């Protein structure tokens, strides 16, 4: 009987094929779970009256009454990707998607079933789907890689449809995002180590770390050259990264659910002293991504507005939540630059005030810090000039009461003297007829009043010139 020749390596290829079928089953189960979750999101949008993605992005900015979690805008592209089923969306995306659908249904007067929009139930479903996805990724990756090595491209069992369909720019953004996320995780560990230092030394070390990180970004921009394909002009390249960083609070609030063992384990692991908080990792990663986008892109007006909002949110979080004042000043100053280019003067003043307060926190105890505190109390470093009018009124009331106590003149004359003396310097003969105590009060009031009026005029003139 004639035997068929056996090709070299055929048994290895056959073994890889058999093992690959098992891996394919796991991967297909995970893909079906992800697709089913995406279909559930699609059904929810249909139930809510099919609001447009642009409207959902607008609705996601609104904060619910009684909620302490700041509302975060959901990018249009992120909402669209959530229902395609190609990959599992993040928990933050799911929560924002569900919240936007609920608001749209409520505005349109539809009958809303609270159970269908319950964020806890949606978070549980997302966690279960992620378990299936992670299990297939962990156990099946090595087998699939062996299959890919053993079988030629013409005999491949698993078609790389996603890879083939991705554009050149999409691959570039994905690779650059992965690099930035890894850099953000490493950088956050370095920053976490210096957070326990005393404020003066911490600010010094923080400035050194930030400068080193910016130098690394310069090298990153030299290494990653964007493709010639055009980029969207009405959105940011790393919009998903900014969204994830700003949505950590909402996700962590639901992660306290004791029924989600996986999330509880992750939170327990992150609670170690040497591990940075997840929110800090997200914001530092967003800061690096924003800096890459600020340096590498020719931004349109819309992109400048969006990126300025990102920088402001990062700077505010660094100042209030993490007490990283050097990072806060850097992010807020970047926001000021972008707001100046878009002629948003109120936002410039808002970020300038926050940056000045962050700079105040870096000063050591002493005279400079005391003077800085006084300027903040009097006029918010010049960004709130009309606060000076309140101090003028307080000076008039205090001097009038003091004059009424130390003199015997009528109340009407005391009130007139206090008001006139506060807005005009003392002249020759203005103190005639007053005793020693009254003269001291009038001199003090006149000096403080003149200085307050001058400062008010200077700060108000700056504001008027800025607006023009």
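Residue numbers (our numbering): 24 to 491.
The beta-carbon is built from N, C-alpha and C at its ideal position, and this holds for glycine as well.
These numbers come from a predicted model, not from an experiment.
Note that the C-beta distance between residue 441 and residue 470 is not below 9 Å. According to the DSSP assignment, residue 314 belongs to the alpha helix (DSSP H) that extends over 301-319. In this structure residue 306 is in contact with residue 341, their Cβ atoms being roughly 7 Å apart against a cut-off of 8 Å. Here the alpha carbons of residue 437 and residue 447 stand approximately 16 Å from one another. DSSP places residue 79 in the uninterrupted alpha helix (DSSP H) bounded by 76-82. By the C-beta density criterion, residue 444 is buried, having at least 16 other C-beta atoms within 10 angstroms. When DSSP states are grouped into helix, strand and coil, residue 457 belongs to the coil group.
Collapsing the DSSP output to three states places residue 347 in coil.
Listed in chain order, the non-local C-beta contacts of residue 125 below 6 Å within the same chain comprise 140, local neighbours out to five positions each way being set aside. Going by C-alpha positions, residue 327 is about 8 Å away from residue 364.
In this structure, DSSP gives residue 324 a helical state, which the three-state scheme calls helix. Distances from the alpha-carbon of residue 69 to those of 106, 80 and 53 put 106 closest.
A buried status is given to residue 378, since no fewer than 16 other beta-carbon atoms sit within 10 Å of its beta-carbon.
In the three-state scheme derived from DSSP, where H, G and I count as helix and E and B as strand, residue 109 is classed as coil.
According to the DSSP assignment, residue 442 belongs to the alpha helix (DSSP H) that extends over 434-446.
For the pair residue 459 and residue 390, the Cα-to-Cα distance works out to about 32 Å. Judged by beta-carbon spacing, residue 241 lies beyond the 9 Å limit of residue 308, meaning their Cβ atoms are not closer than that value. The DSSP-derived three-state label of residue 387 is coil. Separation of residue 83 and residue 393 (C-alpha to C-alpha, rounded to the nearest whole angstrom) is 42 Å. When rounded, the separation of the alpha-carbon atoms in residue 315 and residue 245 is 11 Å. Rounded to whole angstroms, the Cβ separation of residue 401 and residue 411 is 7 Å, and the two are in contact under 8 Å. Around the C-beta of residue 375, 16 or more other C-beta atoms lie within 10 Å, and the residue is accordingly described as buried. Taking the C-beta atoms as reference points, residue 358 is found no nearer than 9 Å to residue 344. Comparing C-alpha distances from residue 229 to each of 127, 427 and 385 shows the shortest one belongs to 385.
Pairing residue 153 with residue 111, the inter-Cα distance amounts to about 7 Å.
In its chain, beyond the 5 residues on either side, 67, 140, 142 and 145 have a beta carbon closer than 7 Å to the beta carbon of residue 121. By the 16-neighbour rule on beta-carbons within 10 angstroms, residue 79 is buried.
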